[in-house]
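Below is one structure; the comments refer to it alone.
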Amino acid sequence: MNKVVKNPVEALEGLQDDMTLMMGGFGLCGIPENSIAEMVRMGVSGLTCISNNAGVDDFGLGLLLQGKQIKKMISSYVGENDEFERQMLSGELEVDLIPQGSLAERCRAGGAGIPAFYTPAGYGTEVAEGKEVREFNGKPHILESALTADFAIVKAWRGDTEGNLIFKATARNFNPMMAMAGKITVAEVEELLPAGSLNPNEIHTPGIFIQRIFQGETFEKRIEQRTVRQK
Amino acid sequence: MNKVVKNPVEALEGLQDDMTLMMGGFGLCGIPENSIAEMVRMGVSGLTCISNNAGVDDFGLGLLLQGKQIKKMISSYVGENDEFERQMLSGELEVDLIPQGSLAERCRAGGAGIPAFYTPAGYGTEVAEGKEVREFNGKPHILESALTADFAIVKAWRGDTEGNLIFKATARNFNPMMAMAGKITVAEVEELLPAGSLNPNEIHTPGIFIQRIFQGETFEKRIEQRTVRQK
Amino acid sequence: MALDKNGIAQRIAQELRDGWYVNLGIGIPTLVANYIPEGIEVEFQSENGILGMGPFPIDGEEDADLINAGKQTITAMNGAAYFDSAMSFAMIRGQHVQLTVLGAMEVSQNGDIANWKIPGKMVKGMGGAMDLVASAENIIVAMMHANKAGVSKLLKKCSLPLTGVGCVKKVITNLAVMEIKNNAFHLVERAPGVTVEEIMAATEGDLVIPDNIPEMQL
Amino acid sequence: MALDKNGIAQRIAQELRDGWYVNLGIGIPTLVANYIPEGIEVEFQSENGILGMGPFPIDGEEDADLINAGKQTITAMNGAAYFDSAMSFAMIRGQHVQLTVLGAMEVSQNGDIANWKIPGKMVKGMGGAMDLVASAENIIVAMMHANKAGVSKLLKKCSLPLTGVGCVKKVITNLAVMEIKNNAFHLVERAPGVTVEEIMAATEGDLVIPDNIPEMQL
C-alpha cells in the first residue's frame, strides 16, 4: 500500500481549475509550502479554498491570491493580508467566513460521514442566516453541514510510506480533519520514513485517509509574529 | 493543577445510587478494573451504565451485574455474558442497544458540546424508532443525540499529575470520548508520572477533561479470546 | 459439492483488490485474511481501533491490550496505526473502507440484512454492524445458504429485526455467488459440483438465473 | 485615573480562580497572563491547539511550529498537551474551559457582543470568537470604555454585526468593572480615582449604580 509520489508535481496530478481545495495550517504554521509553490507554477485558477487563514501577502495562500488563482475563500480569520482585504472589499474575491470551531468540526464531519450537526456557535449572528435553528437543553443551536473537497492538502512533520502522519506541536491544527475530508488527500512531510518506523500508538492521522505522500524539498517555515523574551 | 487522588475510594467520592456512568473499554480490554472493584465494594446500585460491552460473568461490568447493581445498560454488544442475558430476557435489566459508531460519536458529542448529529447508521431498523429521519445527498439519516454522564471512568496506560493520558494499542477504544463526556471524569492509570514526563505531542486525552487520577494497584488485564499461532 | 467455511472465505478473497482497506466481521469473514491472492496488498481495519491488523501472536506473546473486534488477541503489521472508536467509525461512516465482509442470519432480495437479534431468544447487540452496512459502498455477506434447521437464509423479505436496509450488493454462500439488484438475487457462480437446481431449492427469495452459470474457480 | 491596558489586565487577573483553564483572546486579554495572583494556578488554552501555554521563548529559541492563536511564538509548560482544532473546540464548546477573556468593539446591556466586522470597512473574521462566546459560561470582556473617537462602547444595542447574543456577564474597562444583568450594566467597581460621574458620562447603555462603588484594589 505504497502511497509515495516523487514530488508535488505528481502529488497534484488531476488538480484542475475551479476545484474545491482544503489547505491545512493556521496562519503560516503547518501549511503545505511545497504544494502551494507547485500550484503557483501550475497556474491553476478559479479555486475555492477552505483554509482557516489566507496567508500573508507574500507567503502561504497569499501567493495564490496575488496570482488571482482563488475565486472563493472559506475561512474563519483573514486579517494580516492587504491584498486579501483589497480583493474582498472590491468584490473580486468571494469570502465565506465561518466560526473557527465550526470550520474544524465541519471538515471532520465531512471526513466522518456526518452530514450535519448542531452547534451553538454563531446563533443570532450573520453566520446563522438561512440556517435551521433548534433548541437543545433550552439553548438555541444552528445546523451546520459537512465540508468536503476535491483535494485536501496537508503538511505533517513525519510520515511513512503507508500515509500515516505525525504532526509537530501546534502545526497540527486543521491538518488532521482536512486530511479526512479530501476525495484525494495529499500529504507533504518533512521526513518520509519506511512503514514500521512510526510507533502505531503515536500516529495522529492513520494512512487510510491519505492517497499520496511526498517529502518536501525545503520548508521555509516562516514565522508570522516573532515574540521573544530576553534570558 | 494537581489532580492526583490516592486510590479508587477517593476517586469515586460522590458516586451515588441511580447515577449515570460511562465506563471505558471494549470487551475486557482497557477497562477500569480498580474502579469496578471499588464499586462492588461500595455496593452502589440502580446504576445506568454506558459501556460498549457488559464484561463477562465474573469480570469487568459482569461483577456489577452479578450484584444487581446495574439498572440499565446502554451498549452496542453484550454477548458472551450469561447472567446478562438472563437478567435482560427476564426483564430485570433494561437494555438500550445502539450501534457502536453511534455510541462512540454520541459520547464524543456529549463532551464536545454538539447536542445532536445525523448518521446513516440504524436507518430503517429498531434503532431509528422515534428518531427524526432526514435525507442528505439522497440518503436517509437519523438524528442522534449527545450522551453525558455523572461520572466517566476510564483506564489509561500512562498519565501525569495534570491528568494528561496516553492509552496503549487497542485499549484506547472508547476511553478518550468517555473521558470528554463526564461531569466528573476519573482516570485510573498503570503508571502515574510527574507533569512534564509525557511528550505533549503524544498525549491522547488532554488533562482538561480529567478531574481525578490515580495509579491502579494491580491490573489483571484478563484476555477474553486467547488466540495464538505456533512459531 | 457445497463449500465449507474456508471455501467461502477463499472465494470471497478473490473479490479483494490491491490497495483496499477491508473490514472483516466475526466468523467466516475473519477467515478471508488467510486467502489473500498473490500480488494483492490489502490492509485490515478492525473497528475497535486498529488499521493494519496482523495474524494471531506467537504463543506466549499475546498482549491483552492488542485485540480485534472479535476480542481475539492479534498482532500489528508494520505501518499499523491505533486510534479511538470515534476515529474508527469516522473511517467507516466516511466510506474510507473499501470493502466490508460480514455474516448474516437473513438477507432479502432487496438487499436488507438481519444479523443481530432473535426476539425473545437471543440479543447479542449490533456492535458495529449497523454503522458498517449503512455506510459501506461495497458489502459482501458471507454465510451458509441455509440455517442449521435447513431453512433458506436468502428470502423475499427478512423476518428478523433488520441491521440495515437495501445495502447488500453481493452474497457468497456455500452454494453460490449471487448479486442483488432489481429486487432479486442474480446467480453468478455455482460452488464446484453444485447444480442450479440445488441452489434454486435452497433459495426462498426470487432467483434470476442467466443462461451460463460458471463454477467457482478456487 | 483611568487604567492603561496593563491595569485592565491586572484587574481581570483578580477574577482567576485556582485550577481554572482559561482562554485569553488577542490584545489586552493576552496581558492577563502577566498578573496571575500568588497561590493561584491556572492553565492557558490557545484555540489553535495547545493546553499549558507558557511565556514567549528566549530570543533565538523560537519555533515556527509552536505558536498561539495570535500567531505569536510561545513555549509549552511542563504538562502541556498539543491537539488538533476539532479537539480544541470540543474543549471550548463542551464548556471545559472555565473562563474566556476577550476584547470587543461593542457590548450591549443585554450581553450582546460585536468584535469581528465593520461593514464596508474592515473584516478580519470571527476566528474562534463565535464559538467561545456561544459556549463559555463565564465570559469577561476586556476593553477600553470608549473607542478612539471617544464614543462609548457600552451600548443600549450594538450597531455592528454581532459575534454572540446575550452572552457577556462581565465587562472590565479602563474606567470600571460592570456586571450585565436584567438588561443593564451594573457598576461594581471604579478604577482608582475615577468618579461615578465620569463612568456615567462614558456609558451610553443603561447603568445601574448602587450606593457603594468601591475603588479597584490593584
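Top to bottom, those sequences are chains A, B, C and D.
Sequential numbering of the first sequence, starting at 79, is according to our numbering.
Sequential numbering of the second sequence, starting at 79, is according to our numbering.
Sequential numbering of the third sequence, starting at 224, is according to our numbering.
Sequential numbering of the fourth sequence, starting at 224, is according to our numbering.
Heads up, the beta-carbon is just placed ideally off N, CA and C, and yes, glycines get one too.
With contacts defined as CB atoms closer than 7 Å, A273 of chain A and T239 of chain A qualify as a contacting pair. Judged by their CB atoms, G389 of chain C and N333 of chain C are nearer to each other than the 7 Å cut-off. In terms of Cβ geometry, V264 of chain A and R290 of chain A form a close pair [threshold 7 Å]. In the DSSP assignment, I315 of chain D falls within the unbroken alpha helix (DSSP H) covering 308–316. Chain order gives the chain A residues near S358 of chain C as G191, where near means a beta carbon separation below 8 Å. For H319 of chain C, DSSP assigns no beta-bridge partner whatsoever. Between the alpha carbons of I220 of chain A and D286 of chain C lies a distance of about 45 Å. Look at A247 of chain A: its C-beta is under 7 Å from a C-beta on chain D. Judged by their CB atoms, M101 of chain B and D228 of chain B are not nearer to each other than the 7 Å cut-off. Closest option to G200 of chain B, judged by alpha-carbon separation, among C:K347, C:I281, C:G351: C:G351. G348 of chain D carries a coil assignment under DSSP once its states are collapsed to helix, strand and coil.
Under DSSP, N246 of chain D shares a beta bridge with D:Q268, D:T323. Per the coordinates, the alpha-carbon of A132 of chain A lies some 37 Å from the alpha-carbon of E270 of chain C.
For F292 of chain B, the pairing in a beta bridge is given by DSSP as B:E266. Within the same chain, Cβ atoms closer than 7 Å to the Cβ of E295 of chain A are found at N112, the five residues on either side in sequence being excluded.
At least 7 Å separates the beta-carbon of I263 of chain D from that of L247 of chain D. Here Q268 of chain D has Y244, N246, L274, V320 as same chain residues with Cβ atoms under 6 Å from its own Cβ, once five neighbours each way along the sequence are excluded. Straight-line spacing of the CA atoms in M166 of chain A and V265 of chain D works out to 40 Å.
Between G108 of chain A and R316 of chain D, the C-beta gap is not smaller than 7 Å, which leaves the two residues out of contact. Listed in chain order, the alpha helix (DSSP H) runs fully inside the region 137–187 of chain B are 140–144, 160–167, counting runs of at least 4 residues. Residues of chain A with a Cβ closer than 9 Å to the Cβ of F287 of chain B do not exist; the shortest Cβ-Cβ separation is about 17 Å. Not one beta carbon of chain A lies nearer than 7 Å to the beta carbon of L322 of chain D. Legend: CB atoms of the region 252–275 of chain C lying less than 9 Å from CB atoms of chain A belong to residues E264, V265, E266, Q268, I273, L274, G275. Inter-residue distance for E170 of chain B and K261 of chain B is about 28 Å (C-alpha atoms, whole angstroms).
For V330 of chain C, the enclosing beta strand (DSSP E) begins and ends at 329–331. The C-beta separation of T283 of chain B from L289 of chain C comes to about 19 Å, leaving the pair out of contact by the 8 Å criterion. Two segments are said to touch when three or more pairs of C-beta atoms, one from each, lie closer than 8 Å; by this definition the region 156–166 of chain A touches the region 133–148 of chain A. Within the same chain, N397, A414 come within 6 Å of L226 of chain D by CB-CB distance, once the 5 residues on both sides are set aside. Annotation: Cβ neighbours of A299 of chain C in chain A (cutoff 8 Å, chain order): P278. Close partners of L385 of chain C in chain B (Cβ separation under 7 Å): G202, T203.
Take K344 of chain C, set aside five residues on each side of it, and no residue of its chain has a beta-carbon closer than 8 Å to its own. The beta carbons of L377 of chain D and T323 of chain D sit no closer together than 7 Å. If you look at R234 of chain C, you'll find it in the alpha helix (DSSP H) that goes 228–236.
Within chain B, the residues placing a beta-carbon under 7 Å from that of A309 of chain C are A182, E183, R186, M255, ordered along the chain. In this structure, N229 of chain D lies near L254 of chain D, with their beta-carbon atoms less than 7 Å apart.
Neighbours of G277 of chain C in chain A, taken as residues at a C-beta separation under 9 Å, are lacking, since the least C-beta distance is about 11 Å.
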